[in-house]
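The sequence shown runs 1231 to 1576 under this note's numbering. Even for Gly, the Cβ is constructed at its ideal location relative to N, Cα and C. All values reported here derive from a predicted model rather than from experimental measurement.
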Amino acid sequence: MNALLTKYQAIKEQEPKLRFVDVANKMAVSEAELLAAHIGKTEVVQLDNSQFVDLLKSFKKLNHVMALTRNKSVVNELKGAYEKLYVSEHGKSKMAMAINPKGIDLRIFLDKWRFAFAQKTEKLNSVQFFDHHGRAVHKVYTTPKSDLNAFDEIVDRFSLAEQSPSIEVQPYQASEEIELADNNIAVADFQQAWADLQDVHHFLGMLKKFNVSRTQALRLAGSQWVTQVSSQCLPAILEKARDYNVELMAFVGNEGMIQIFSGQVHKLKQMGEWYNVLDSDFNLHAKLDEFDSAYIVRKPTDKGTVVVSSVEFFNKQGETILTLFGYRQEGNASAADWDNLLTKIS
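Laid out in structure tokens, this is it:
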């Protein structure tokens, strides 16, 4: 038995409820390396990373799955059909989208993907994807409604011929974003550019043009567009959304994936350090002590004719960990009940 697997089993004996990713962190290895260490000892196989698109498209055959996307602080779990997958390439960049509002709705950045594994256990079958550093970007789990024969066919089709319990990942080093001093930013021009936005998808381009970070942009935008609120306001928002039947959208992502829930929330519960939505087809798990700042953000879109409002949550590193919108369809303003809800948040 290899050393990683031996150490893993020793930790699990001492702390059986510890999540797999937390065991990996405790061992100072990546999650992908620890999963690969199970190859040949348990039912884990590495899949062909040259066929990510075909692999993703094959999940439609499973009929019903649970899709999971997380970052360090928030987990988004959606149940449904994995379908309507579209792929686009721009130069060397390859993206995919699963456009399923109120279903499994995904924005996929395939350039960040490096490894894939299938795992079968007594309780669950899964396909798990990781980046070049061995960090999880996305996972797909079978459910009682899944076609398990189709799962076996997918594993057979995409398994690598050569299986090894050892993989090589790139060391991860967090890049520190160096902000320009606020007095070196053309603030008036920046605020005008914000007011002149025609599409929310142009927002990142505007940040690059003025060389500002996202949190710096929110500081400089002005009170017309941004209001800072408590970093701990998530429970209040979700409870009000539940009580007043407000439909919302929850975006959770990492460098390789954004997963979007759209709809109403119902069962809300604090469990230990996690605040949770525990609905039949949607679970959200938020580690609130890692939420460092939050802002209500308003942006013009749809050729500047509509203003949409969101709540953006950040960790101490200034990384976006969760974004909430009122549910809207393209061309429509945020629902009035969502905008009204936000007036009650501080």
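Boundaries of the beta strand (DSSP E) in which residue i is found, first to last residue
| i | result |
| --- | --- |
| residue 1507 | 1504-1508 |
| residue 1343 | 1343-1350 |
| residue 1371 | 1366-1372 |
| residue 1584 | Outside the displayed range of the chain (1231 to 1576) lies residue 1584, so it cannot be described from this structure. |
| residue 1458 | 1456-1459 |
CB contact flag (residue i, residue j, <8 Å)
| i | j | result |
| --- | --- | --- |
| residue 1328 | residue 1314 | yes |
| residue 1487 | residue 1285 | no |
| residue 1477 | residue 1502 | no |
| residue 1384 | residue 1288 | yes |
| residue 1515 | residue 1504 | yes |
| residue 1395 | residue 1270 | yes |
| residue 1338 | residue 1297 | no |
| residue 1551 | residue 1255 | no |
| residue 1436 | residue 1416 | no |
| residue 1414 | residue 1299 | no |
Three-state class that DSSP yields for residue i in the structure shown
| i | result |
| --- | --- |
| residue 1303 | coil |
| residue 1280 | helix |
| residue 1477 | coil |
| residue 1288 | helix |
| residue 1399 | coil |
| residue 1355 | strand |
| residue 1440 | helix |
| residue 1513 | strand |
| residue 1263 | helix |
| residue 1320 | strand |
| residue 1533 | coil |
| residue 1591 | Because the chain here runs from 1231 to 1576, residue 1591 falls outside it and cannot be looked at. |
Straight-line gap, residue i to residue j (C-alpha atoms, nearest Å)
| i | j | result |
| --- | --- | --- |
| residue 1370 | residue 1272 | 19 Å |
| residue 1311 | residue 1372 | 11 Å |
| residue 1236 | residue 1426 | 59 Å |
| residue 1391 | residue 1280 | 13 Å |
| residue 1499 | residue 1428 | 39 Å |
| residue 1307 | residue 1507 | 10 Å |
| residue 1348 | residue 1379 | 14 Å |
| residue 1528 | residue 1569 | 10 Å |
| residue 1324 | residue 1358 | 19 Å |
| residue 1304 | residue 1434 | 22 Å |
| residue 1544 | residue 1351 | 35 Å |
| residue 1451 | residue 1442 | 11 Å |
| residue 1531 | residue 1557 | 15 Å |
| residue 1489 | residue 1410 | 31 Å |
| residue 1405 | residue 1549 | 11 Å |
| residue 1407 | residue 1353 | 42 Å |
| residue 1457 | residue 1512 | 29 Å |
Expected contact under 8 Å - CB spacing of residue i and residue j to nearest Å
| i | j | result |
| --- | --- | --- |
| residue 1539 | residue 1460 | About 17 Å separates the two Cβ atoms, so there is no contact after all. |
| residue 1277 | residue 1388 | 4 Å |
| residue 1571 | residue 1470 | 5 Å |
| residue 1229 | residue 1402 | Within the shown structure, residues of the chain are numbered from 1231 to 1576, placing residue 1229 beyond reach of any answer. |
| residue 1377 | residue 1292 | 6 Å |
| residue 1258 | residue 1234 | Residue 1258 to residue 1234, Cβ: 11 Å. No contact. |
| residue 1536 | residue 1526 | Not really, about 16 Å apart at Cβ, beyond 8 Å. |
Where the alpha helix (DSSP H) containing residue i begins and where it ends
| i | result |
| --- | --- |
| residue 1388 | 1378-1388 |
| residue 1237 | 1233-1244 |
| residue 1573 | No alpha helix (DSSP H) contains residue 1573, which DSSP labels as neither H nor E. |
| residue 1253 | 1250-1257 |
| residue 1489 | Here residue 1489 belongs to no alpha helix (DSSP H); instead the beta strand (DSSP E) covers 1487-1493. |
Residue i Cβ short of 7 Å to the ligand ZN heavy atom set
| i | result |
| --- | --- |
| residue 1242 | Questions concerning the ligand ZN fall outside what the structure shown contains, since it holds no ligand whatsoever. |
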